[in-house]
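Below is one structure, written out as structure tokens; the observations come after it.
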Amino acid sequence: MQKVVEIIKQRQRGQLLSEEAIALWQDWKWQVKHSIREISQVEEIFDVKLDAYQSNDIEKTIKSFPMAITPYYLSLVDPVDFKNDPVFKQAFPDKRELDIAKYDMADPLAEDKDSPVEGVTHRYPDRVLLHISNTCAMYCRHCTRKRKVGDVDSIPSKEQMLKGIEYIKKTPEIRDVLLSGGDPFLLSDEYLDWILGEISTIPHVELVRIGTRTPVVLPYRITDSLIEVLKKYDSLWLNTHFNHPREITEASKGVLKKLVGAGIPLGNQSVLLADINDSTDIMKQLVHKLVQNKVRPYYLYQCDLSEGLEHFRTPIGVGIEIMESLRGHTSGFAVPTYVVDAPGGGGKIPVGPNYMLSWSANKVILRNFEGVITTYHEPDAYKQTSNKLIQDATGIKPIGIQGLLSDFDDSITLTPSGISRREKE
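Be aware that the sequence shown starts at -1, since it is given in the working numbering, and climbs by one per residue.
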């Protein structure tokens, strides 16, 4: 481990590495094997010594949620002011993680509740999430799945995977499968290839998505052999997880270029985090760097209500302010959708500034990013096509607000269960 400490310090000082050190550093398996898991290693790297009280708090936190930081990611931390560094805050435990706030939940998104079979979350009508790994290259402190990630021996077997794959096969409305975890890229090339191969044979599955943070915390995992596996599947999309512009390094740019060159569409999902990226300037820098590297900003997530994350959460108003600073102030494709993943399994709800101010039978009043208010006249001769025909063609009955808007059935209300006036009937 002393070798790891020396290499990290050399990189932090901008010193050239030996050929031997470069070979080790760029070996992703070496990075994972030598992940920083002990407080003493962090103390040595940053030449600090925590007092007994601080060390005890951090040890308690690690027992609740393990620490694992790749040497690569830790080398991005500013050694002069590491405690305030946005990279460090995402990676190093904080005693506030032990504080369970009033509204915190172990499973805020109700993924377990919406799991028809082991390893599958089926919330939206035409798509599912398939958990294929509970292992990550690094345990992000803001992880929404703290209840699962970091378990021992948590790579599902082929037998377990087949349960989820069989469910997808038997559910023809599923057209979109998201592979998640943990991090799917912590699987071997061969195992990932097998999973992708099994799913790709299902006729009604039109696309497969992979969510991975390896381009951020372990870019060396994106090897040429992994690229060759991914290139085999034309329906594949990939989402990364960059939260701060400092994370977009020369190494990460290199692997993004490889993925783009392989013809894989790239998106990015960021989480809004207090004291890390809750700034209009930082978020604009991030989305600009992403699009420069042909990564489309996809989602900006409000931090979930997972246990111990309250110190990461901002008011939703902060996110709306950030969106106000992006829409109209930069390229449209650089603007992510700001979403709250609704507690209790309600799914992603887009939120943002209001641009439609009012409307009548024939006019809509709108405002733009500058505050200019304008009128859009509705067409006089428009006659709507019946939604019934559209829904009959799909074979999927509309639900929720879509169901009320459609002509598929005669429903006129959506009534919550448990309302008092219903109890009186």
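Ideal Cβ positions, reconstructed from N, Cα and C, are used throughout, including at glycine. This structure is a prediction, so every number in the text was calculated from the model and none was measured.
- Here the segment 235 to 247 lies against the segment 258 to 273, with 3 or more beta-carbon pairs under 8 Å apart.
- The beta carbon of T383 lies closer than 6 Å to none in the same chain, with the five residues before and after it left out.
- The beta carbon of E308 lies closer than 8 Å to those of R94, D97, A99 and D102 in the same chain, with the five residues before and after it left out.
- DSSP, read as helix, strand or coil, puts N237 in strand.
- The continuous stretches of beta strand (DSSP E) do not include S38, which lies in the alpha helix (DSSP H) extending over residues I37 to F44.
- Across the structure, F80 and A50 are spaced so that their CA atoms are roughly 20 Å apart.
- Annotated as proximal: I225 and K256, with beta-carbon spacing under 8 Å.
- I6 places its beta carbon 8 Å or farther from that of I37.
- The beta carbons of S178 and S233 sit no closer together than 8 Å.
- By the neighbour-count criterion, in which a residue is buried when 16 or more other Cβ atoms sit within 10 angstroms of its Cβ, Q88 is buried.
- If you check the CB distance, A249 and L184 do not come in under 8 Å.
- Note on geometry: alpha-carbon atoms of F406 and Y380 lie some 21 Å from one another.
- Using a 10 angstroms sphere on the CB of R11, the tally of other CB atoms stays under 16, which defines it as exposed.
- Note that the C-beta distance between N132 and G180 is below 8 Å.
- Spanning the alpha carbons of V285 and A332 requires a straight line of approximately 6 Å.
- Measuring C-alpha to C-alpha distances from V253 to each of E245, P213, Q24 and K230 identifies P213 as the nearest.
- Note that the segment 26 to 41 touches the segment 61 to 81; at least 3 beta-carbon pairs, one per stretch, sit closer than 8 Å.
- DSSP places R244 in the helix class (H, G or I) of the three-state scheme.
- Beta-carbon to beta-carbon, T372 and K361 are separated by about 10 Å, too far to satisfy the 8 Å threshold.
- Taking all protein chains shown into account, V78 has fewer than 16 neighbouring C-beta atoms within 10 Å of its C-beta and is therefore exposed.
- CA-to-CA, the gap between M281 and E157 works out to about 42 Å.
- The three-state reading of DSSP puts I197 in helix, counting H, G and I together.
- Taking the C-beta atoms as reference points, E188 is found no nearer than 8 Å to P123.
- In summary, V46 is exposed, with fewer than 16 beta-carbon neighbours lying within 10 Å of its beta-carbon over all protein chains present.
- For N266, the beta-bridge partners assigned by DSSP are T238 and P295.
- Per the coordinates, the alpha-carbon of W357 lies some 9 Å from the alpha-carbon of L364.
- For P348, the three-state secondary structure derived from DSSP is strand.
- A check of alpha carbon separations from D174 across H202, L288 and H140 identifies H202 as the nearest.
- Of the candidates T210, T247 and I262, I262 places its Cα closest to the Cα of K230.
- With a beta-carbon spacing of about 42 Å, R9 and S113 fall beyond the 8 Å limit used to define contacts.
- Straight through space, the alpha carbons of E109 and P154 are spaced by roughly 17 Å.
- If you check the CB distance, D302 and D279 do not come in under 8 Å.
- Residue state for D174 is assigned as strand, using DSSP reduced to three classes.
- Residue environment: D378 is assigned as exposed (fewer than 16 neighbouring CB atoms within 10 Å of its CB, all protein chains considered).
- The Cβ atoms of Y336 and M321 lie closer than 8 Å to each other.
- Taking the C-beta atoms as reference points, N275 is found nearer than 8 Å to P84.
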